[in-house]
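Worksheet for the structure shown next.
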Amino acid sequence: MSSLLMAGLLFTPLAWAVLCLLLAFRAARLASVIGMLLQMALSLALWAWVAEQGGFFYHLGGWAPPLGIGLRVDGLAVTFVLLTALVGAACGLHAGLYLDPSRPWQRYFWPLFWMLWAGLNAVWLAGDLFNLYVGLELITLAAVGLVVLGGAAPALEAALRYLFAALIGSLAYLLGVALLYAEFGSLSLVGVGEGAGSASPAASFALLIMLFGLAVKAALFPGHTWLPPAHGIARAPVSALLSGLVVKAAFYVAARVWLELGPALEAAVVGVLLGVAGSAAVCWGSWQALRQPQLKLVVAWSSVAQIGYLFLLFPLSHGVPEAVSLQAQQGVTLQVISHALAKSAMFLAAGNLILSVRSKRVEALAGVSRYLPLSLFSFGLAGVSLMGMPPSGGFAAKWLLLQASLASGQWWWAAVLLVGGLLAAAYVFRIYRASFQEVEESDPFYHPPRSLEIIPLVLALLALGLGLVAEPVLSVLGLPFGGEVLSP
Amino acid sequence: MTSALLYVLAGALLCGGGLAGCLLVRHLLRRLLAFNLLGSGVFLLLVGLPAHRHGSDPVTHALVLTGIVVAVAATALALVLIRRYFHLTGRVSLPTGRQEDR
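Each protein sequence line maps, in turn, to chains A and B.
According to the numbering used here, the first sequence holds residues 1 to 488 in order.
According to the numbering used here, the second sequence holds residues 1001 to 1102 in order.
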């Protein structure tokens, strides 16, 4: 049963990528809707399976590692697989209506979309360092292709910046993998973690260079400069995918590597450095979001800020009691989930607003509150989660991080959470102020179809409701992991 | 001095040169070449370092084969983007210092 689920989960995106390459836009859209439903059902079934039976290792095609591919299916991985299915399906459905089928290049959205999905699933489930690299590269190539969809010069420029930054990041990560393999003779995360019993200079350097590469790929300040142009210029559903899921993949790898290696290598300084960079990202990203003239750049800079919170995991999980570390891990996981839902909702809503007012500028939103309340409402609901107000998922995440930072005696991270929340409120209200400006009586706006407006609303409501169901969501993360091997 | 050590040193040299190129060179094609140098350096290290420490190892060869495929794909994508960018704008390097206000 579970091997069928795994095969379906990994095979569907790749098969659909090839299938959609052969089809025209509308046919590919129809096929993709079927694929998304299938993927959603498989993810749900796997999640339920793991929630009931506990996690397992899975050897692809029955080939054992190190030459075969070993996948680690645990509570965290299936949670993210399910999150990907949810956000991916929402963005896919939105894109099917949002993109204009009459432009010939739009049909390439679908193969790239499925490639991205395949890469994301590969990263969540990978059990060894090298497959994480392959998964990350698959994601990067698909994501760059999606950014450039449309092919105007500014999009190409943003895509090239993104590609070069991502390539530096991947190669730095791969160099770290080479050093670790030479040191421990193992590629699996578990094997490397066991090998790193004591601090060794080579392993410490490897950890440092891997975290550097992954931080660039996750757009951590000051390596964030590629993100706002790329996420700002991409089509709205693409930006939603990139901000919601893609940057999280690099962070997920960094967190997994850190939790295996960080404590063993006594890398406290690295943890604090990453925490400081994360805090700077929160402040600088929010400040820039407050100053951007274009709506989508506001949302893109807000991503820079929200990613900063994730990196508080590193100082809060090192050299602290087990319970505090667990609290920090849970807080960061919730932040990943709530930001994925809220930010994709926000980008989709922003896309709808831009479609309606036919301009990318914030001032152009004047009068929107009167004639297009629904999209603005979704935008605001997503904003509530980004600000971290109860009962949203963002609130639950920040609450856990706050508790962890106070319990570990590192109260200064709590100040970052506070400042970030205030600045987030400021940039969301700035959009609201612009949209409540009164205009002349007649309705000058294009009204997008209702289904386009419903999708971000659903995502925003999920982000808002996450705080209420945080307990059951987090309980899956702590499921027993037997370490037994299932293979077909 | 074993041959594996020679690969390690060559790999380190290529990595250093490639990284310097990535950061310093502005011309897009040259920067892409620098990336490929860096990549080749990493691959050499990936094969050479474990061989130097523990003897020859088939796993690293399989890894590098996969790595080369990934590198070729990334290079092809970058080339297409650079070519298109040149056709549209006539520029061979990305403009500097204006990222913030776009």
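Built from N, CA and C at the ideal position, the CB exists for glycine as well.
Could you please give the first and the last residue of the uninterrupted beta strand (DSSP E) stretch that includes residue i?
i: Arg29 of chain A; result: Note, Arg29 of chain A: premise wrong, no beta strand (DSSP E); alpha helix (DSSP H) at Phe25 to Gln53.
i: Val73 of chain A; result: Gly70 to Val73
Kindly say whether residue i, judged by its beta-carbon, lies nearer than 9 Å to any beta-carbon of chain D.
i: Ile1082 of chain B; result: Absence of chain D from the displayed structure is noted, the protein chains being A and B.
Among the options, which residue has its Cα nearest to the Cα of residue i?
i: Tyr252 of chain A; options: A:Ala268, A:Gly285, A:Trp284 and A:Ile337; result: A:Ile337
i: Cys20 of chain A; options: A:Leu273, A:Ala182, A:Leu297 and A:Arg107; result: A:Arg107
i: Ser405 of chain A; options: A:Leu82, A:Ala414 and A:Ala202; result: A:Ala414
i: Arg161 of chain A; options: B:Ala1062, B:Leu1009, B:Ile1068 and B:Leu1023; result: B:Leu1023
i: Leu207 of chain A; options: A:Leu93, A:Trp124, A:Glu266 and A:His231; result: A:Glu266
i: Gln53 of chain A; options: A:Phe347, A:Val78 and A:Ala268; result: A:Val78
i: Arg291 of chain A; options: A:Phe109, A:Ile431, A:Gln403 and A:Trp114; result: A:Ile431
i: Arg361 of chain A; options: A:Val299, A:Ser378 and A:Ala396; result: A:Val299
i: Leu227 of chain A; options: A:Gln335, A:Val144, A:Gly96 and A:Trp47; result: A:Val144
i: Pro101 of chain A; options: A:Gly232, A:Gly150 and A:Val216; result: A:Gly150
i: Ala48 of chain A; options: A:Ser2, A:Leu401, A:Gly68 and A:Lys248; result: A:Ser2
i: His231 of chain A; options: A:Val257, A:Leu423 and A:Ala350; result: A:Ala350
i: Ser1040 of chain B; options: B:Ala1051, B:Val1070 and B:Arg1053; result: B:Val1070
i: Gly541 of chain A; options: A:Leu22, A:Ala396 and A:Ala345; result: The structure shown does not extend to residue 541 of chain A, since chain A spans only 1 to 488, so no value can be given for it.
i: Leu42 of chain A; options: A:Leu5, A:Val50 and A:Phe429; result: A:Leu5
i: Phe311 of chain A; options: A:Lys296, A:Leu273 and A:Trp287; result: A:Leu273
Indicate whether at least one CB of chain B lies closer than 9 Å to the CB of residue i.
i: Gly145 of chain A; result: yes
i: Thr140 of chain A; result: yes
i: Tyr108 of chain A; result: no
i: Ala45 of chain A; result: no
i: Val357 of chain A; result: no
i: Arg161 of chain A; result: yes
i: Phe377 of chain A; result: no
i: Tyr427 of chain A; result: no
i: Ala321 of chain A; result: Going by the sequence as given, residue 321 of chain A is Pro instead of Ala. So no, Pro321 of chain A is outside the interface.
i: Gly70 of chain A; result: no
i: Leu423 of chain A; result: no
i: Gly55 of chain A; result: no
i: Phe311 of chain A; result: no
i: Glu137 of chain A; result: yes
i: Gly223 of chain A; result: no
i: Ile168 of chain A; result: yes
Tell me where the alpha helix (DSSP H) around residue i begins and ends.
i: Leu453 of chain A; result: For the sequence presented, residue 453 of chain A should be read as Glu rather than Leu. Taken as a continuous stretch (DSSP letters only), the alpha helix (DSSP H) holding Glu453 of chain A covers Arg450 to Gly465.
i: Leu64 of chain A; result: Note that residue 64 of chain A is Ala in the sequence shown, not Leu. No alpha helix (DSSP H) contains Ala64 of chain A, which DSSP labels as neither H nor E.
i: His1054 of chain B; result: Leu1028 to His1054
i: Ala366 of chain A; result: It is not in any alpha helix (DSSP H) - Ala366 of chain A carries neither H nor E in the DSSP assignment.
i: Thr333 of chain A; result: Glu322 to Val357
i: Gln306 of chain A; result: Leu295 to Leu310
i: Thr1075 of chain B; result: Pro1058 to Thr1089
i: Thr12 of chain A; result: Ser2 to Leu22
i: Tyr252 of chain A; result: Val247 to Leu265
i: Thr225 of chain A; result: Careful: Thr225 of chain A lies outside any alpha helix (DSSP H) and carries neither H nor E.
i: Ala155 of chain A; result: Ala153 to Phe184
i: Tyr427 of chain A; result: Trp412 to Ser435
If we count the other Cβ atoms within 10 Å of its Cβ and call it buried at 16 or more, is residue i buried or exposed?
i: Leu418 of chain A; result: exposed
i: Gln39 of chain A; result: buried
i: Pro111 of chain A; result: buried
i: Leu9 of chain A; result: buried
i: Pro449 of chain A; result: exposed
i: Ser435 of chain A; result: buried
i: Asp1101 of chain B; result: Because Asp1101 of chain B sits at a pLDDT of 40, beneath the cut-off of 50, its placement in the model cannot be relied upon, and the point is left open.
i: Tyr446 of chain A; result: exposed
i: Phe25 of chain A; result: buried
i: Thr1002 of chain B; result: exposed
i: Ala1020 of chain B; result: exposed
Under a CB-based cut-off of 9 Å, is residue i close to chain A?
i: Leu1014 of chain B; result: no
i: Gly1067 of chain B; result: yes
i: Val1092 of chain B; result: no
i: Val1059 of chain B; result: yes
i: Thr1089 of chain B; result: yes
i: Val1070 of chain B; result: yes
i: Leu1038 of chain B; result: yes
i: Arg1026 of chain B; result: no
i: Arg1102 of chain B; result: Because the pLDDT of Arg1102 of chain B is 38, which lies under 50, any placement of that residue in the model is unreliable, and the question is left without a value.
i: Ala1020 of chain B; result: no
i: Gln1099 of chain B; result: The pLDDT assigned to Gln1099 of chain B is 46, lower than 50, so where the model puts this residue is not dependable, and the model offers no usable value.
i: Ala1073 of chain B; result: yes
i: Leu1009 of chain B; result: no
i: Leu1077 of chain B; result: yes
Just to check my reading of the structure: residue i and residue j have Cβ atoms closer than 8 Å, yes? What is that Cβ distance to the nearest angstrom?
i: Gly464 of chain A; j: Val384 of chain A; result: One point to set straight first is that residue 464 of chain A is Leu, not Gly, in the sequence displayed. So it is a contact: roughly 6 Å between Cβ atoms.
i: Leu1046 of chain B; j: Val1064 of chain B; result: 6 Å
i: Ala28 of chain A; j: Val147 of chain A; result: Not quite, the Cβ-Cβ distance comes to about 19 Å (not below 8 Å), so this is no contact.
i: Gly176 of chain A; j: Gly213 of chain A; result: 7 Å
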